[in-house]
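Engineer:
Residue numbers (our numbering): 4 to 119.
#1: Report all residues from its chain with a CB closer than 8 Å to the CB of residue 11; omit the five preceding and five following residues, and keep chain order.
#2: How would you label residue 35, buried or exposed, when you count the other beta carbons within 10 angstroms and need 16 or more for buried?
#3: Any idea if residue 59 is buried or exposed, counting beta-carbon neighbours within 10 angstroms, 16 or more meaning buried?
#4: Look at the alpha carbon of residue 53 and the alpha carbon of residue 76, and state the distance between them as a whole number of angstroms.
#5: Given residue 70, which residues of its chain have a CB within under 6 Å of its CB, disregarding the five upstream and five downstream residues?
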C-alpha cells in the first residue's frame, strides 16, 4: 500500500522544495506490521527525518487511509573503506595505472607527468 502512495508523498515534498527530505525518501523504506522503517546514514539525515516525521505520517495516512501507522528512523553506520586515501597527484596516478594498465602506455607514449 505504501508503494502506491510513495510517489505522491515525494511529490508533496518536492512541491514544498524540501530536497533533503526527498533524498531520505529515496533510501530504503521497509514496512512491517504498520511500522514504516526509514534507514538514514549520519546524524544530519537522522535529524531531518525526525523533523519530517509528522508531515510524512499525515501524508501517508491521508493518501492510504491507514489509521495505525508509525514511523521509525533507523540510523545505519557508514561503512569505512580500508583503502588508503589518495592525496597527491602521483598517488592518484599510481592507483589509476593499477586499475587501468593501458594508462601506463599512454603516459609513456605522450610523455605525461603529474608534477609540473
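Note that the Cβ used here is the ideal one computed from N, Cα and C, for glycine as well.
Please read all numbers here as calculations on a predicted model, not as lab measurements.
Structural biologist: For this structure:
#1: Looking up residue 11 in the chain shown gives position 8. Contacts found: 62 and 66.
#2: For the purposes of this step, residue 35 is taken as the residue at position 32 of the chain shown. Flag for residue 35 reads exposed.
#3: Residue mapping note: residue 59 aligns to position 56 of the chain shown, counting from 1. That one is buried.
#4: Against the chain shown, residue 53 aligns to sequence position 50. Against the chain shown, residue 76 aligns to sequence position 73. Distance between the alpha carbons of residue 53 and residue 76: 7 Å.
#5: Working through the chain shown from its first residue, we reach residue 70 at position 67. Correct list: empty, nothing qualifies.
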